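Okay, so here's the structure we're looking at.
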């Protein structure tokens, strides 16, 4: 456990090339493995979580290699995976685990999943229930937690399933299982969640129909047992990772940062919409489409921010960005209110609690409840000077390193290890822009 001290800085400037989108990277490896022929992927995120998925696909018999020009996946076709010879160690990869459970459910063998202490604490019940309804048997610890075993079946049933809570991971697990079932599998979500799975399925040749529901949700129907064909993919830069240098540029004085090639999927831009509403100067330039995903270059400049009420309806479009939004709110003028955040209680950490404690360590007043958060902004630099326990949560770690850059006194995080799960170049990228991040020794475990 290495502690990192984030010093206040006078300016951030330059171009920050953010790694590939984590959500798309997971899905590209999986669908490449279920396709026939070769899939070439450039821009894949080479971080711990995605590498765990790559290793798992190899255990399923898929050829996954890393030539000089990107990644190459030689698929085995829908229903063609083989039984893994050992337990799939998913590390901290919650997305990889939940989606692979859907794939494993459709194969007539046992697949064992394990993970680190953080992943073992995350509930899998919302995935287990629909997969069981389709005919798979899942043996799990109390509360539906890892380690667990998926006993799949070649006779998976198509279902129509209404999600109790909008979740791209649960939706995707059902659709990936539904690839192997005869007939139509339908998922109804109460609010739109990120749609990378639907876009990629269509790109690989599956028949996917998406329609709006009367209550503002979406109905996604997939025709099962297609022949997916390998393709060439370009993974856009991850908007969730871009959020950290983006917010840093907004709250550090005299800053201007360019973020090229960022994915601007309409279901992923909730943070940008919120920051613009707060007064953030964020220019979206050179809009284009790459591999079915909208992409653009972002130009961000220091901005005086004003507090707002973040609508609960926007939560699915920015579920991973609330830690870094909290850093922006700490520097804003007024009280920022966020609602509908119950999902943050079951992320890599209890993020609501971690955000509140971290802001307190930075001298920011905050109030929290079961699914809400209120932050009294400082109208400028927060005091800083404290230490933050990040609970092995990559987004908590990076958010408070960013906040430290805008505080009056340095801010310390106790553990930098989790950053590698999603953004292994974070430290070098931020120091390249002018951040001063100092290793201050090994923290006590």
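Residue numbers (the UniProt record's numbering): 1 to 445. C-beta: ideal position from N, C-alpha, C; glycine also. Just so it is clear, the structure is predicted and the values come from calculations on it, not from any experiment.
Query, Result
"Selection from 381, 225, 282 that minimises the alpha carbon distance to residue 258", "282"
"Neighbour-count burial assignment, residue 101, 16 or more Cβ in a 10 Å radius", "buried"
"Residues sharing a beta bridge with residue 90, DSSP", "Paired residue(s): none; residue 90 is not in a bridge."
"Between the CA atoms of residue 329 and residue 305 - distance to the nearest angstrom", "8 Å"
"Reduced DSSP secondary structure (H/G/I, E/B, other) of residue 109", "coil"
"Classification of residue 326 by the beta-carbon crowding that lies within 10 angstroms, buried from 16 upward", "buried"
"Where residue 38 sits in the DSSP three-state scheme", "strand"
"Nearest-angstrom Cβ-Cβ length linking residue 41 and residue 73, presumed shorter than 8 Å", "7 Å"
"Buried or exposed (CB count within 10 angstroms, at least 16 for buried), residue 382", "buried"
"Straight-line gap, residue 400 to residue 58 (C-alpha atoms, nearest Å)", "36 Å"
"Helix, strand or coil at residue 239 according to DSSP, with G and I counted as helix", "helix"
"Residue 145 (DSSP reduced to helix, strand or coil)", "strand"
"Option nearest residue 352 by Cα separation, candidates 319, 22, 269, 33", "319"
"Per-residue DSSP class, three states only, for residue 376", "strand"
"Rounded separation between residue 140 and residue 87 - CA only", "14 Å"
"Same chain only: Cβ atoms within 6 Å of residue 124, ignoring 5 sequence neighbours per side", "144"
"Segment contact flag, the segment 203-220 with the segment 403-414, C-beta cutoff 8 Å, min 3 pairs", "no"
"Other residues of its chain near residue 171: CB distance less than 8 Å, five sequence neighbours each side excluded", "163, 187, 189, 193, 197, 220"
"DSSP beta-bridge partners of residue 270", "Answer by DSSP bridge pairing: none, since residue 270 is not bridged."
"Spatially closest choice to residue 314 from 297, 333, 339, by CA coordinates", "339"
"Run of the beta strand (DSSP E) containing residue 63, from where it starts to where it stops", "63-65"
"CA nearest to the CA of residue 363, picked from 379, 372, 371", "379"
"DSSP state of residue 205 mapped onto helix, strand, coil", "coil"
"Inside the segment 413-437 only - alpha helix (DSSP H) runs reaching at least 4 residues", "426-433"
"Segments assigned beta strand (DSSP E), at least 3 residues, entirely inside the segment 328-385", "335-339, 365-368, 372-376"
"Candidates 47, 273, 255, of which the one nearest residue 434 by Cα", "255"
"Residue 200 versus residue 21: straight-line alpha-carbon distance, rounded", "13 Å"
"Straight-line gap, residue 195 to residue 267 (C-alpha atoms, nearest Å)", "7 Å"
"Three-way DSSP call (helix, strand, coil) for residue 445 in this model", "Because residue 445 sits at a pLDDT of 34, beneath the cut-off of 50, its placement in the model cannot be relied upon, and the point is left open."
"Backbone CA spacing between residue 427 and residue 293 [nearest angstrom]", "27 Å"
"Simplified DSSP state of residue 102, which is helix, strand or coil", "helix"
"Cut-off 6 Å between Cβ atoms - residues of its own chain near residue 64, not counting five sequence neighbours on either side", "54, 57, 58, 73"
"For residue 48, the first and last residue of its enclosing alpha helix (DSSP H)", "48-59"
"Where the beta strand (DSSP E) through residue 17 begins and ends", "Counting along the chain, residue 17 falls outside any beta strand (DSSP E), and DSSP gives it neither H nor E."
"Limits of the beta strand (DSSP E) - the one that residue 74 falls within", "71-76"
"Endpoints, alpha helix (DSSP H) assigned at residue 394", "394-406"
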